[in-house]
Amino acid sequence: MTTATAIIDISTLVTNDPSLGEGPLGLLQNAAVVIDGDRIVWVGESSKAPATDNQVDAGGRALLPGFVDSHSHLVFAGDRTAEFNARMSGRPYSAGGIRTTVAATRAASDQDLEGNVARYVREARRQGTTTLEIKSGYGLTSQDEARSLEVASAFTDEVTYLGAHVVPPEFADDPAAYVDLVTGPMLDLCAPHARWIDVFCEQGAFDGDQARTILTAGAQRGLTPRVHANQLTQGPGVQLAVELGAASADHCTHLSDADVDALAQGDTVATLLPGAEFSTRSRYPDARRLLDAGVTVALSPDCNPGSSFTSSMSFCVALAVREMGMTPDEAVWAATAGGARALRRTDVGRVAPGARADLTLLDAPSPVHLAYRPGVPLAAAVWHGGKLV
-3 MTTATAIIDI STLVTNDPSL GEGPLGLLQN AAVVIDGDRI VWVGESSKAP ATDNQVDAGG
57 RALLPGFVDS HSHLVFAGDR TAEFNARMSG RPYSAGGIRT TVAATRAASD QDLEGNVARY
117 VREARRQGTT TLEIKSGYGL TSQDEARSLE VASAFTDEVT YLGAHVVPPE FADDPAAYVD
177 LVTGPMLDLC APHARWIDVF CEQGAFDGDQ ARTILTAGAQ RGLTPRVHAN QLTQGPGVQL
237 AVELGAASAD HCTHLSDADV DALAQGDTVA TLLPGAEFST RSRYPDARRL LDAGVTVALS
297 PDCNPGSSFT SSMSFCVALA VREMGMTPDE AVWAATAGGA RALRRTDVGR VAPGARADLT
357 LLDAPSPVHL AYRPGVPLAA AVWHGGKLV
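Numbering-wise (this note's numbering), the sequence shown opens with residue -3 and increments by one.
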């Protein structure tokens, strides 16, 4: 006997390990999982599960890896309800968008920012998300970006420096000076608190040359690139991401054939964020085109206060199936193993011996229910690092 816990009577287990089960999801029927501490130590048929001190009966429900959210903007203050209401009501709206959130974030206390992040992390975890990347990007001064990263670091190791989100109002007449700040004093303060560096490479934000300068400076400080790429228009973002070895190119809505070819031939993951298209009534990315070309695809809710204020990965799975041409199995893989690939993690996004015990039990017999029952809170239980949360 051990102090381990066995989860038995799992109707369908998603392992994401084809060596353990059927198809790309590595599906096992009538399965069990044994966890000890923060690790999975055994996976197999429920009838063959080793004896343990503790046992959880899944009751014929589905179990899958905890969702891996590789793109979120949770360090912010303020509210942009008026902007969303105007957009959905067809009314013109001239408030400052991201800059509105920047002003509120700068004015917020550290305690307020920490409280907001804690609330959204709890919200995501209740829905089955066990790994979260969190970006800065709403401070846009050296001190505010650094404190945003410090706040994020209290909740995740996957922290991204996004000083290059937009050019703040005080640099509107001299964007080159802001790039100098982002790659100089701001980077000096922020690099110790981050693993990744990101840039919004888009018309109205940062062009290809500016993005290259910013990402290269970050890489020289040990930060691995990620890129907000090709969200609003075709542009250089995707191919720059592949060229610089970025872990992911995020959004990927407006792609040329050359963009798709670059992603297919490189190691950069295409992270699709359908919550943004849903919340802005915009064209969805064509996931089918990417998958058919052999591109690795991840899904994320893109939780942020302006263009995608949702933390629900299951909702994004449903959108991916309904609007983006993905099969339910492909969407589940993208929300788990795909997110892990986008974070270059091998310990999450799968259920196999040695992996972290990050698990989501669905109140459903099959993971297909994530797309089949959109909007329904299906997470019946969530384990994070082996602890039932």
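Virtual Cβ for every residue (Gly too), placed ideally from N, Cα, C.
Straight-line gap, residue i to residue j (C-alpha atoms, nearest Å)
i	j	result
leucine 60	threonine 127	14 Å
glutamate 41	leucine 16	11 Å
leucine 145	alanine 187	9 Å
aspartate 53	threonine 1	11 Å
valine 175	glutamine 206	7 Å
aspartate 257	leucine 236	13 Å
alanine 213	isoleucine 3	47 Å
alanine 91	glutamate 79	Model confidence at alanine 91 stands at a pLDDT of 48, short of 50, so the residue's coordinates are unreliable and nothing is read from them.
arginine 208	proline 270	26 Å
threonine 101	valine 37	43 Å
histidine 365	aspartate 325	11 Å
threonine 229	alanine 201	12 Å
alanine 376	serine 362	13 Å
proline 301	threonine 97	8 Å
serine 138	leucine 286	37 Å
leucine 374	arginine 122	10 Å
Cβ-Cβ distance between residue i and residue j below 8 Å
i	j	result
lysine 131	leucine 109	no
glycine 204	valine 238	no
serine 296	aspartate 153	no
alanine 104	alanine 142	no
serine 68	glutamate 129	yes
proline 370	phenylalanine 311	yes
aspartate 354	glycine 381	yes
glycine 124	valine 378	yes
alanine 245	alanine 225	yes
alanine 266	glycine 290	no
alanine 360	glycine 345	no
alanine 338	alanine 190	no
tryptophan 329	leucine 23	no
valine 113	phenylalanine 151	yes
alanine 148	valine 71	yes
alanine 331	aspartate 13	no
threonine 156	aspartate 194	yes
arginine 279	arginine 35	no
glycine 335	alanine 283	no
arginine 95	valine 162	yes
alanine 367	valine 313	yes
In DSSP terms, what residue i is bridged to
i	result
arginine 35	Asp32, Arg352
leucine 128	Asp65
alanine 225	Cys197, His247
glycine 40	Ala28
tryptophan 379	Leu355, Leu384
leucine 23	Glu18
phenylalanine 202	Cys197
threonine 220	Trp192
leucine 393	In this structure the chain extends from -3 to 385, so residue 393 is not present and cannot be described.
serine 304	Asn300
Contact test: residue i Cβ vs the ligand FAD heavy atom, cutoff 7 Å
i	result
glutamine 216	For the ligand FAD, the structure offers nothing, since it holds no ligand at all.
Local conformation of residue i per DSSP, three classes
i	result
glutamate 154	strand
aspartate 5	strand
asparagine 50	strand
histidine 189	helix
arginine 369	coil
arginine 57	strand
alanine 0	coil
leucine 268	strand
glycine 214	helix
glycine 159	strand
asparagine 12	coil
tyrosine 116	helix
proline 87	Before going on, a small fix: residue 87 reads as arginine here, not proline. Looking at arginine 87 - three-state DSSP - the assignment turns out to be coil, as it is neither helix nor strand.
phenylalanine 167	helix
proline 181	helix
phenylalanine 274	helix
arginine 395	For residue 395 there is no data in the structure shown, the boundaries of the chain being -3 and 385.
alanine 73	coil
valine 344	coil
serine 252	coil
Environment of residue i [buried if 16+ CB atoms lie within 10 Å]
i	result
leucine 357	buried
valine 30	buried
leucine 84	Per the sequence presented here, residue 84 reads as methionine, with leucine not at that position. Result: exposed.
serine 308	buried
glutamate 18	exposed
serine 252	exposed
glycine 350	exposed
arginine 57	buried
glycine 218	exposed
glutamate 166	exposed
glutamine 25	exposed
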